[in-house]
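S.K.:
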Amino acid sequence: MENNINKKGRKRELQGEVVSNKMTKTVRVRVDSVVRHPLYQKVQTRNKVFFAHTEKDLNIGDKVVIRESKPYSKNVKWVVVEKNDDTKTK
Numbered sequence: 001m002e003n004n005i006n007k008k009g010r011k012r013e014l015q016g017e018v019v020s021n022k023m024t025k026t027v028r029v030r031v032d033s034v035v036r037h038p039l040y041q042k043v044q045t046r047n048k049v050f051f052a053h054t055e056k057d058l059n060i061g062d063k064v065v066i067r068e069s070k071p072y073s074k075n076v077k078w079v080v081v082e083k084n085d086d087t088k089t090k
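In full-length UniProt numbering, the protein residues as written are 1 to 90.
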C-alpha cells in the first residue's frame, strides 16, 4: 500500500536518443529497452518512440533524458529535462 502512494506522485524519466527534430519545439526520442524472451531466454532489444517538448536546439543523435508532463498536444506528453554529453563509442 505504501509503494502505491509513493509512485503516484512521481513522474517517469527515460533516457533516449533524438531521432527527429523537424518539428518546432518538439523532438522524437527513441527509448531502447532490453527484455529476455520468457521461453527461449534470448535477450532482445526493443524500442519505442516518444514525442517530447523542448525549448533547446537539439540535433539528431543527441542523448537526452525525458520526463512525463502535462499534455502539450495530442501526441506530446513528455518534456526534455536534460541533454547528456556522454560521448561513449561502442
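Ideal Cβ positions, reconstructed from N, Cα and C, are used throughout, including at glycine.
Would you call the stretch 36-46 in contact with the stretch 58-75, where contact means no fewer than 3 C-beta pairs closer than 8 angstroms?
M.R.: Result no; under three Cβ-Cβ pairs closer than 8 angstroms.
S.K.: I66 and V76 look like a contact to me (Cβ under 8 angstroms); what is the Cβ gap, rounded to whole Å?
M.R.: Working through the sequence shown from its first residue, we reach residue 66 at position 66. Working through the sequence shown from its first residue, we reach residue 76 at position 76. So it is not a contact: roughly 11 angstroms between Cβ atoms.
S.K.: Under 8 angstroms by Cβ, that's how I've got V64 and V18 pegged, so tell me the actual separation to the nearest angstrom.
M.R.: Position 64 of the sequence shown, counted from the start, is the residue given in the question as residue 64. Position 18 of the sequence shown, counted from the start, is the residue given in the question as residue 18. Indeed, because the Cβ distance is near 6 angstroms, the residues count as touching under 8 angstroms.
S.K.: Can V35 and G16 be called in contact, C-beta distance under 8 angstroms?
M.R.: Within the sequence shown, residue 35 is the residue found at index 35, counting from 1. Within the sequence shown, residue 16 is the residue found at index 16, counting from 1. Against a cut-off of 8 angstroms, the Cβ pair of G16 and V35 comes out as no contact.
S.K.: Evaluate D62 with the Cβ neighbour count: other Cβ atoms within 10 Å of its Cβ, from every protein chain shown; 16 or more gives buried, anything less gives exposed.
M.R.: Here residue 62 is taken as the residue at index 62 of the sequence shown, counted from 1. Label assigned to D62: buried.
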